[in-house]
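Protein chains in written order, with our numbering: chain X, 15 to 461; chain W, 429 to 817.
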């Protein structure tokens with residue numbers, strides 16, 4: 015019998031931490047989502063770095079004196095910022111009392127995947143995560159969808175900044191037209207889901223409706239001169255037509271958030287992510303109904319899922335993503351948030367980013383807007399498992415020197431450890447080997 | 429040599445294959461081979477400057493576009509010369525084991541993004557804007573479906589994640605030169621016992637052990653593992669076993685500044701990759717074609733920082749003992765200003781996919797109907813290029 019707090023720490027968190035006993039019930043998990051202070055909005059500082067980088071690049075093109083040195087300096091500043099952003103996130107994950115809020119942040123970050131394709135996105139992505147996603151994980155999906163769809167990082171990543179209403183003033187003057195990328199992905203990935211029965215015509219009209227979404231030094235900005243004039247029809251509903259402004263866009267997003275297909279799509283994804291595939295239809299329907307009845311409340315979705323006995327079944331069908339694995343090891347090793355923040359930036363690359371990439375999860379680059387794969391087979395491949403084994407040895411050597419393997423086994427896996435694993439760890443030829451076996455075990459790698 | 433491996437290996441997209449349906453521990457003999465022809469695709473990430481790698485010194489327009497650029501390097505014919513860093517490939521050229529396709533590009537146009545450009549290059553689709561074919565898989569993976577007798581070990585992606593080029597429904601193997609299993613025999617034995625309870629881990633572990641054993645010696649550092657020599661040596665070793673198709677990437681081609689210093693570094697890595705493959709493959713080199721392709725060429729003019737920016741038309745390089753090389757294949761568009769694409773890039777006159785398709789047809793015997801259909805949708809291969817001896 016696996017105690018519920020151990021089970022919850024694996025399935026809904028980042029593993030047990032000696033610093034905080036985790037929730038042991040659905041109610042405890044939900045209570046851990048109570049709103050806390052949002053992270054401060056650091057848009058201005060990030061945008062200042064972007065501006066400085068642009069200026070340095072321009073100086074270099076114009077071959078001004080000292081331009082190379084300024085470029086080197088700004089590149090170093092961008093690198094440090096990137097490492098600091100990863101470090102901050104790991105500290106939040108490791109220090110969280112219940113990991114459920116952090117796991118949900120990761121889930122919704124992934125639902126609204128943005129890849130750090132270039133330095134601008136690398137710099138804006140953490141702002142997207144902390145300002146557009148995190149504040150809404152216990153709120154309404156409607157608000158998260160609005161925030162995500164209008165964030166500069168999303169507008170850049172899905173090419174909305176290249177989209178012009180073909181009949182708009184700016185479009186006519188520059189001879190530019192529509193880019194459907196954002197419209198398509200909002201429908202396919204973020205809301206209705208791929209098989210929800212919308213047509214290419216819906217994509218096109220929705221793309222016309224989205225023209226005008228843009229950004230500048232202050233953040234999001236609507237540019238009416240790019241907006242396609244006239245009303246647009248999406249899923250049989252008409253939006254706009256009374257002059258160019260943002261309100262019909264928000265109305266369409268709100269309707270998409272409250273669409274039954276969206277409800278089922280979100281419910282199915284949550285179940286697959288936390289419990290495993292395939293998602294049982296009855297559970298998905300029950301979650302979707304609760305979400306729709308509660309005005310797109312995400313808490314309603316979680317509530318029904320956690321209340322289902324299948325959420326507490328002792329089969330661990332899912333594989334911890336490489337980031338989850340490393341974070342869980344840090345928690346198990348007894349690190350707290352401050353200790354993570356005290357590491358030198360180079361250590362973050364060595365201990366987090368590089369092993370994560372070798373295990374197949376290149377940080378912030380899932381390879382497409384559909385995010386990380388959910389199936390176990392993608393992760394436990396020969397090369398993926400070999401990378402996990404190498405990491406287990408390196409992590410043991412660097413961070414677990416003082417631990418007793420049997421105590422570490424008890425602290426990180428508790429009742430989840432099989433008799434075979436217990437005897438193998440006890441019978442290992444050295445302390446290091448025993449600790450590495452714990453980290454390499456299926457029990458530690460599954461959730 | 430007999431090893432244990434899974435009959436069905438999984439790749440990023442082959443999600444449907446259920447464990448229960450897979451006889452997961454199948455001893456196979458590595459000598460069993462579906463044909464002898466070998467193909468290596470090297471993806472040059474960042475956009476190689478074709479006009480500098482293979483210089484059209486005979487075109488009077490070059491001097492106008494690049495007045496400061498060096499004009500040295502071994503001559504290939506009356507028109508083209510190699511970048512001096514590529515000089516070690518001249519003997520291959522003379523032996524008919526090196527060839528160039530010039531003024532080629534994928535169908536990707538106008539937007540010049542690395543990420544879209546690489547996706548189109550690997551996906552093999554026909555869309556100028558970079559939209560992928562349904563499934564988002566790679567053309568080399570789709571090609572395997574039409575190889576007679578293809579099996580898991582036929583195709584190998586070298587690195588920590590499978591290149592899109594090889595992702596798809598056909599099973600491929602992935603391994604990296606730094607992915608060793610540095611475990612003591614006792615620890616390994618305990619690990620085997622632990623994994624015996626979990627088929628997913630047991631399979632992956634057994635196969636990782638087999639691959640690590642083939643690799644031999646200690647795993648090298650991750651820094652070295654990204655270098656051309658390690659990638660090429662490892663690839664050649666696989667090709668001497670059951671593997672017939674392999675792919676890996678080389679970076680460093682995005683030469684926006686000081687190209688006289690930055691491009692030679694990338695070119696030297698490519699030379700190392702080709703010469704290492706040739707030396708390590710030994711007699712099998714004669715059955716091998718290496719194809720080095722990039723997402724786009726670069727601007728025809730040099731920019732303000734002595735580099736070049738993202739462009740369109742470029743060059744693809746071919747090497748291997750199976751080539752009928754010693755030729756630059758091109759419908760040369762010329763470098764007059766009016767001949768440039770959008771007044772800035774080398775005009776692409778031939779679809780890069782057609783070059784790849786002719787290699788697949790003549791070297792691996794893939795039917796033209798498959799190449800112009802499933803492998804490269806929307807492609808018209810055009811006249812034969814006769815690159816294969």
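All C-beta atoms, glycine included, are put in the ideal place defined by N, C-alpha and C.
Quick caveat, the model's predicted, so the values are computed rather than measured.
A straight-line Cα-Cα distance of about 6 Å links residue 385 of chain X and residue 127 of chain X. Shown here, residue 545 of chain W sits in a helix according to DSSP, grouped into three states. Not flagged as an interface residue toward chain X: residue 714 of chain W, since no C-beta distance is shorter than 9 Å.
The segment 306–323 of chain X makes no contact with the segment 353–366 of chain X, as fewer than three CB pairs between them are under 8 Å. 74, 75, 76 and 77: these are the residues of the segment 66–90 of chain X whose beta carbon lies less than 7 Å from some beta carbon of chain W, given in chain order.
Against chain X, the CB of residue 567 of chain W has no partner CB under 9 Å away; the residue lies outside that interface. Note: residue 673 of chain W is bridge-paired with W:467 and W:583 in the DSSP secondary-structure output. Taking C-alpha positions only, residue 100 of chain X is separated from residue 759 of chain W by approximately 49 Å. Rounded to whole angstroms, residue 688 of chain W and residue 183 of chain X show a C-alpha spacing of 44 Å. Fully enclosed alpha helix (DSSP H) runs of no fewer than 4 residues occupy 780–792 of the segment 742–793 of chain W, in order along the chain.
Residues of the same chain with a CB within less than 6 Å of the CB of residue 66 of chain X, apart from the 5 flanking positions on each side, are 88 in chain order. Residue state for residue 222 of chain X is assigned as helix, using DSSP reduced to three classes. Taking a beta-carbon distance threshold of 9 Å, residue 690 of chain W does not count as an interface residue toward chain X.
With respect to the C-alpha of residue 593 of chain W, the residue from W:548, W:786 and W:501 having the closest C-alpha is W:548.
Any Cβ of chain W closer than 9 Å to the Cβ of residue 456 of chain X would place that residue at the interface, and such an atom is present. Taking 9 Å as the threshold, the shortest C-beta distance from residue 435 of chain X to chain W falls below it. With three or more CB-CB distances shorter than 8 Å, the segment 368–387 of chain X counts as touching the segment 334–341 of chain X. Relative to the Cα of residue 288 of chain X, the nearest Cα in the group X:365, X:390, X:429 and X:86 belongs to X:390. By the Cβ rule, the segment 476–488 of chain W counts as touching the segment 499–518 of chain W, because three or more pairs are nearer than 8 Å. In this structure the segment 22–42 of chain X touches the segment 425–439 of chain X; the number of beta carbon pairs closer than 8 Å is three or more. Counting only the Cα atoms, residue 728 of chain W lies some 25 Å from residue 85 of chain X. When Cβ-Cβ separations below 9 Å define contact, residue 536 of chain W makes no contact with chain X. Bridge pairing for residue 236 of chain X: X:227 [DSSP]. Shown here, residue 335 of chain X sits in coil according to DSSP, grouped into three states, outside any helix or strand. Excluding the 5 residues flanking it on each side, residue 161 of chain X has same chain C-beta neighbours closer than 8 Å at 145, 146, 147, 149 and 150, in chain order.
Only buried fits residue 226 of chain X, as 16 or more other CB atoms lie within 10 angstroms of its CB.
If you look at residue 316 of chain X, you'll find it in the alpha helix (DSSP H) that goes 312–321. Within 7 Å of the CB of residue 639 of chain W, the CB atoms of chain X belong to 396, in sequence order along the chain.
Chain order gives the chain W residues near residue 376 of chain X as 588 and 589, where near means a beta carbon separation below 9 Å. One Cα belongs to residue 295 of chain X, the other to residue 304 of chain X, and the distance between them is close to 14 Å. By the beta-carbon neighbour count (other beta carbons within 10 angstroms, threshold 16), residue 72 of chain X is exposed.
For residue 372 of chain X, the neighbours in chain W by C-beta distance under 9 Å run, in chain order, 588, 604, 606, 607 and 650.
The Cβ atoms of residue 751 of chain W and residue 478 of chain W do not sit closer than 9 Å to each other. Under the Cβ distance rule, residue 663 of chain W does not count among the residues neighbouring chain X, no pair being separated by less than 9 Å. By the Cβ rule, the segment 656–666 of chain W does not count as touching the segment 614–633 of chain W, because fewer than three pairs are nearer than 8 Å. About 11 Å separates the beta carbons of residue 786 of chain W and residue 807 of chain W, which is beyond the 8 Å limit, so they are not a contact pair.
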